[in-house]
Structures are given as structure tokens and as C-alpha cells.
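S.K.: Here it is: the structure, laid out below.
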Amino acid sequence: MKLRIPLLALGFCALLLGAFGQSGVEQDQKGEVTDKASEPEVQVNFWADTSAVVPGGEFLLAAYFELPEGWHIYWENAGQSGMPTTVKVAAPVGFKLGPARYPGPKSLELGLGITSFVYEKEVAIFVPITAPADLGARKSFEFSLEAEWLVCREVCFLQNAKLSLSLEAHGEEGTPKKAHAKKLDPQKLLLPRPQANLKGLRWNWLASPPEYRALVVVGGASELDFFPTLESNLALGGLVHNPGGNGYELAADFSMTPGQESDEPRATGLLRVVRKGVLRFYTVNFSGAAQ
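Each residue of the sequence shown is one higher than the one before, starting from 537 at the first, in the working numbering.
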């Protein structure tokens, strides 16, 4: 069954996709059905950032997406429209898997006050792996990936991939060589860093319940943006940008999520910071006492 839903209706699209399964979402904003041939080809690779496995070693597996020009997929919090991109990795017995790590996204304004959090061109979603201390007699190890994503422009298509890779046990002394560094290293730089690493950060609440305004200042920054995570109990209403000579001021307006009015306000997310031309993302938690 084909789903025919406009991009701006994707808040409702998630419910329909869950009910009807995977299919192309093929309708433009005028309600005209598109040709199936317009479905974009998203290239997905499944890579490790190491050439071999060492006992007790830590490495990253990556689902690396390459998108056609003009198309986008979604961050783990898709925003007000879209569906999260998901990756599931299976590893041999004895290997420990960490939670998927998503690079910081960008904001996409869709009109009608709708904002989504997306990736364009390319993105790598990482899964941390720790090998067992004893690899035994095994010489190679198989890993598998299941990925699902919604790719959109004026129309959207729900796509998926199942991939696998094999890594050899490291049979030599020393550290194994890095792999796919040219593609993966720039993506690693976009992974969120701890809030404690962001020097010059100050913030304060400026409003009273149930409405809140977090005033965020980062010294020396030329750009700031905020992306809420799903752990927040505050809904993001809007952002007011105020660049200054000694830093950048960002006012984020929130309202308490219904049913959680008795809880302490908690706005968790990523802060996008550009300072001296360098882009970085930081995990932030605006809750409790101001800093």
C-alpha cells in the first residue's frame, strides 16, 4: 500500500506509517501524487573505525548515510515533523554495545511554524563497541546493522537497509590501523561534548511557571542554536537570537509539558556553538539552579 501524505502533514504521518508499514510517501503539497521514479537513492554504508579487533578494545561502528542534493533525513528527535532515523546493531556474544550516538543536526523551517531537526548531504550515526578481554580462538567477528529512515524533500519516502561487516582479530602487536578516517573523523567532531567542556557558558531562567525563558550566553560565540532532546519536560516554543560583541545571547522559550507541572523544569538538549569559526555541539541541561 502506498501512503500519499504531504511533507507538512508528517506529524500525522508517523501514526500512519506505524499502521500501514513501510512504503513511499508520495504526494506534493498540492496533493498531486508523484512518480515512484522520483524516490531518492540514499547510500548507506556500515563501517568500523578500526581495521581489526583487539582484546578489550573499544571502537565505533557507524551507519554512514550519503543523501542526494536537496533531500534530508532526521535526527533522533525529529522535531515537529518527520520521523527519527534509527540504527540497530547486533554483535557477537561477549561484545558490549553502547547507545547510538548522533552528531548534532541543523534546523529546517518548513513553514506554518513547523521546525524539524535534520541531516543533509551526509551523516554518520555511531554505536560504541567494547570487545571482550578474551577473544578466544575466533579469528573473525560478524556485526550486523538494521537502519530505518524517512527521507524528505517536498515528498517523503520511508526506507531501510540491512547490512553486515566482518572484522578480523588483530594478530600483530601494537594498535590496529584506523579505517574510513577520511569520512568518519569529520563526523566524530560533530558528536556532542559534555556541558562541562563548554567554557564561557552562563544561563538563567527569566520567566515563571508554567512558562519559562532560558537566557543562554556563551562568551566569544558567533552563533548559537538549541535542539531539545526527548528527555526534556519542557516544550520548546521558540528561540530569540541576539549576537553581541563579547558573546552570543540566545533566549529559549519553553512551556511545561501537560501532566508534569509539579516537576522541576528541565530543558535538556544540544547547544550548537560556533566560536572562532569552529562548530561544536554540547549536551546541556538547563534545570535546577541557574549557572
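Where a beta carbon is used, it is the ideal one built from N, C-alpha and C, also for glycine.
Is there a Cβ of chain B sitting closer than 9 Å to that of F582, yes or no?
M.R.: The chain inventory of the structure shown lacks chain B, comprising one protein chain alone.
S.K.: Considering only residues of the same chain and omitting the five flanking positions on each side of F817, which have a CB-CB separation below 8 Å?
M.R.: On the sequence shown, position 281 is the one that residue 817 refers to. Excluding positions up to five away in sequence, the list reads P639, G640, L726, L727, P728, R729, L806, L807, R808 and V809.
S.K.: Locate the alpha helix (DSSP H) running through P722, then write down its first and last residues.
M.R.: Taking the sequence shown and counting its residues from 1, the one referred to as residue 722 is at position 186. Element bounds for P722: A717 to K724.
S.K.: Contact between the region 641-650 and the region 585-602 is defined here as three or more beta-carbon pairs at a separation below 8 Å; is this criterion met?
M.R.: With the cut-off at 8 Å, the region 641-650 and the region 585-602 do not touch.
S.K.: What do you reckon, are the CB atoms on A626 and F677 nearer than 9 Å?
M.R.: Here residue 626 corresponds to residue number 90 of the sequence shown, with the count starting at 1. Here residue 677 corresponds to residue number 141 of the sequence shown, with the count starting at 1. For A626 and F677, no; Cβs fall outside 9 Å.
S.K.: Identify, in the order they occur along the chain, each residue of the same chain with its Cβ nearer than 7 Å to the Cβ of G615, setting aside the five sequence neighbours on each side.
M.R.: Looking up residue 615 in the sequence shown gives position 79. Once the five neighbours on either side are set aside, the close Cβ partners of G615 are T651, S652 and F653.
S.K.: Looking at G752: is its Cβ nearer than 9 Å to the Cβ of L786?
M.R.: What you label residue 752 is simply residue 216 of the sequence shown in a count that begins at 1. What you label residue 786 is simply residue 250 of the sequence shown in a count that begins at 1. Correcting the residue identity first, residue 752 is Val in this sequence and not Gly. Cβ distance < 9 Å, so V752 and L786 count as in contact.
S.K.: Determine the extent of the beta strand (DSSP E) in which E684 is found, giving its start and end residues.
M.R.: By one-based count along the sequence shown, residue 684 stands at place 148. Note, E684: beta strand (DSSP E), S676 to C688.
S.K.: Expressed to the nearest angstrom, what Euclidean distance is found between the alpha-carbon atoms of E605 and V580?
M.R.: The sequence position of residue 605 within the sequence shown is 69, counting from 1. The sequence position of residue 580 within the sequence shown is 44, counting from 1. The straight-line gap from Cα to Cα measures roughly 15 Å.
S.K.: Could you pull the start and end residues of the beta strand (DSSP E) that Y818 belongs to?
M.R.: Taking the sequence shown and counting its residues from 1, one reaches residue 818 at position 282. V814 to S823 is the extent of the beta strand (DSSP E) around Y818.
S.K.: Which word fits G774, buried or exposed, when buried means at least 16 other C-beta atoms lie within 10 angstroms of its C-beta?
M.R.: As a first step, residue 774 is located in the sequence shown; it is residue number 238 there, counting from the start. Looking at its Cβ environment, which holds fewer than 16 other Cβ atoms inside 10 Å, G774 is exposed.
S.K.: Starting from Q579 and walking both ways along the beta strand (DSSP E), at which residues does that stretch end?
M.R.: The residue you call residue 579 lines up with position 43 of the sequence shown. Start and end: Q579 to A584.
S.K.: Using CA atoms only, rank isn't needed, just tell me which of G634, S574 and Y655 is closest to L644.
M.R.: Here residue 644 refers to the residue found at position 108 of the sequence shown. Answer by Cα proximity: Y655.
S.K.: Could you compute how far the alpha carbon of G795 sits from the alpha carbon of G593?
M.R.: For the purposes of this step, residue 795 is identified with residue 259 of the sequence shown, where counting begins at 1. For the purposes of this step, residue 593 is identified with residue 57 of the sequence shown, where counting begins at 1. C-alpha separation (whole angstroms): 44 Å.
S.K.: Which residues in the same chain have their Cβ closer than 8 Å to the Cβ of R689, if we skip the five residues on either side of it in sequence?
M.R.: For the purposes of this step, residue 689 is taken as residue 153 along the sequence shown, with counting starting at 1. Contacts found: L543, P576, G606, W607 and H608.
S.K.: Closest to V659 by CA distance: which of Y610, S791 and D761 is it?
M.R.: Walking along the sequence shown from the start, residue 659 turns up at place 123. It is Y610.
S.K.: Between R749 and A757, how many whole angstroms is the CB-CB distance? I'm expecting something under 8 Å.
M.R.: Counting from one through the sequence shown, the residue named residue 749 turns up at place 213. Counting from one through the sequence shown, the residue named residue 757 turns up at place 221. Rounded, the Cβ-Cβ distance is 19 Å, inconsistent with contact.
S.K.: On the three-state DSSP scale, how would you describe N613?
M.R.: Mapped onto the sequence shown, residue 613 falls at position 77. The answer is strand: DSSP assigns N613 an E or B state.
S.K.: In chain order, what residues of the same chain lie with their CB nearer than 6 Å to the CB of K784, ignoring the 5 residues before and after it?
M.R.: What you label residue 784 is simply residue 248 of the sequence shown in a count that begins at 1. Per the sequence presented here, residue 784 reads as Tyr, with Lys not at that position. Only V754, A757 and L760 meet the Cβ criterion.
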